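Report on the following structure.
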Amino acid sequence: LDREAAKGFDLAGPNVRRVVVEMGTAPTAAAAADGYRSPADMLRLTRAVWRERPEVFFSPSVYTYFPLPPGQRAVVTVHDAIAERFPELTLPSSRARLFWRMKVGLALWQARLVLTVSDFAASELEEVLRIHRSRLRVSGEAPAAEFQPSTDAAEVRRVAQSRGVPAGAKWFTYVGGFNPHKYVGALVRAHAALARGREHPPHLLLVGTIDKDVFHGDQAGIRAAIREAGTEALVHWTGFVPDAELRHLHSGAVALVLPSASEGFGLPAVEAAACGIPVIATTASPLPALLEGGGIFVKPGDAREVEAAMRRLVDDQGLRTAMGRVARERASGLSWERAAAATLAALREAAA
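And the structure:
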């Protein structure tokens, strides 16, 4: 761990020993779309692993991978193949793409097993990165315990109003980054088409960190799409919203919309489903299988399909309720305990 990460994690326990490595560049900055670790930082990290010589080294994300000592057994997590499928949408420069290819290539060469988050992601990694299926293991994700339907209508309305939704209005939520491959601009256009001509148009909440997003962002393009659509009064940038409040925003929403080019898992959709609302999500993801019957699944970035799905749900309370019920049932079958067990099994297999 670097010193900042060590402050943020409570890892105390009889079988836990923290190894803190002084680094010049924070891991979040190194993992950014145009960031990288310095050779000095990589050497410090490699030396720390050399000194400790763990049975297995676990890298929970390839974004922060660094070279390991020769012969070190490792399990590396690769969440998806989005950067490889859509390099122009995820990596802003040729230098960033070069460093990414080098890092991922080294990680896959050194890893005994590769962990990923869904069967869909595993198929993508097999096809795009040519990882043999025998080396791939799946450890899924799940909604946090906070995500459940809110029974406090007054609190739902209070939280929504605090984020710009007027009393009595309906709203949709989007949760995630504002990167080009998320196709938020297409969502803005779909929402504008839906709102056009309605006496009481629904609002759209864009939930996610704006000023501290270290990845390749497209906030300027999204703002331009909002201006062009003339929906400045209907689209609200909320910034980061804590889970305890996000639960209320989801519970009162018509649906969550996630029209991305691709998703390795799609955790924001699963969290919304756990709150009892339907999702409108990309078909290029595991979500059609994970939340089958709990939403409407659309072609990635297709504004017309997104608008049609939004229209169906905003105008049909019965459909909304039925799909929300199924969505919650599907989400309840996912657990972090199961994910932890799958991860532990992969680590034990790599150590054997």
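All you need for the working numbering is the position in the sequence shown, starting with 1, plus 167. Every residue gets a Cβ at the ideal spot worked out from N, C-alpha and C, and that includes glycine. Source: prediction; values computed, not measured.
Shown here, S226 sits in a strand according to DSSP, grouped into three states.
The three-state reading of DSSP puts A248 in coil, since its state is none of H, G, I, E or B.
W276 counts as exposed, since fewer than 16 other beta carbons sit within 10 angstroms of its beta carbon. Only residues of its own chain outside the window of five on either side were considered, and among them G343 and S427 have a CB closer than 7 Å to the CB of K349, listed in chain order.
Per DSSP, the beta bridge partners of L373 are Y341 and W404. By the Cβ neighbour-count rule, T488 is exposed, with fewer than 16 other Cβ atoms within 10 Å of its own. Listed in chain order, the beta strand (DSSP E) runs fully inside the stretch 393 to 455 are 402 to 406, 423 to 425 and 446 to 449, counting runs of at least 3 residues. Here F345 is near G375, since their CB atoms are less than 8 Å apart. In the structure shown, the three-state DSSP call for T283 is strand. Separation of R497 and D483 (C-alpha to C-alpha, rounded to the nearest whole angstrom) is 21 Å. Within the same chain, and ignoring the five residues on either side of A353 in sequence, the residues whose Cβ sits closer than 6 Å to its Cβ are P426, G468 and A470. In the DSSP assignment, V305 falls outside any alpha helix (DSSP H) and within the unbroken beta strand (DSSP E) covering L303 to V305. Taking C-beta separations shorter than 8 Å and ignoring five residues to either side along the sequence, the partners of H403 in its chain run R330, G331, V332, H370, L371, L372 and L373, following chain order.
Close CB contacts of E474 within its chain, under the 6 Å cut and outside five residues either way in sequence, are with A357, A360 and L361 (chain order).
Three or more beta-carbon pairs separated by less than 8 Å are not found between the stretch 393 to 401 and the stretch 492 to 512, which leaves the two stretches without contact. Exposure of P227 is indicated by the presence of fewer than 16 other C-beta atoms within 10 angstroms of its C-beta.
The closest CA to that of K337, considering only H367, I447, A263 and G406, is found on H367. Within its own chain, the residues whose Cβ lies closer than 8 Å to the Cβ of E399, once the five positions on either side in sequence are excluded, are I393, listed in chain order. Annotation note: the stretch 447 to 513 contains the following uninterrupted beta strand (DSSP E) runs of length 3 or greater, listed N- to C-terminal: 462 to 465. A residue is called buried when at least 16 other Cβ atoms come within 10 angstroms of its Cβ; S306 meets this threshold and is buried.
In the three-state scheme derived from DSSP, where H, G and I count as helix and E and B as strand, V332 is classed as coil. The beta carbons of V446 and G462 sit about 4 Å from each other, so the pair counts as a contact at 8 Å. V437 counts as buried, since no fewer than 16 other beta carbons sit within 10 angstroms of its beta carbon.
Annotated as proximal: S418 and S317, with beta-carbon spacing under 8 Å. Short of 6 Å from the beta carbon of R264, and not among the five residues preceding or following it, lie these beta carbons of its own chain, in chain order: P254 and L258.
In the structure shown, A173 adopts helical secondary structure according to DSSP, grouped into three states. By the criterion of a C-beta distance shorter than 6 Å, V421 is surrounded in its chain by K337, F339, L480 and V481, once the five residues flanking it on both sides are discounted. In this structure, the CA atom of A173 is about 8 Å from the CA atom of R185.
With a threshold of 16 other beta carbon atoms within 10 Å, W267 meets it and is buried. At the C-beta level, S502 and A309 come within 8 Å of one another.
DSSP places H358 inside the alpha helix (DSSP H), whose first and last residues are V351 to A362. Contact fails between the stretch 406 to 415 and the stretch 220 to 234, because fewer than three Cβ pairs, one in each stretch, are under 8 Å apart. Using a Cβ distance threshold of 8 Å, R495 and A456 do not count as a contacting pair. Less than 8 Å divides the Cβ of S205 from the Cβ of T192. Less than 8 Å divides the Cβ of A274 from the Cβ of Y232.
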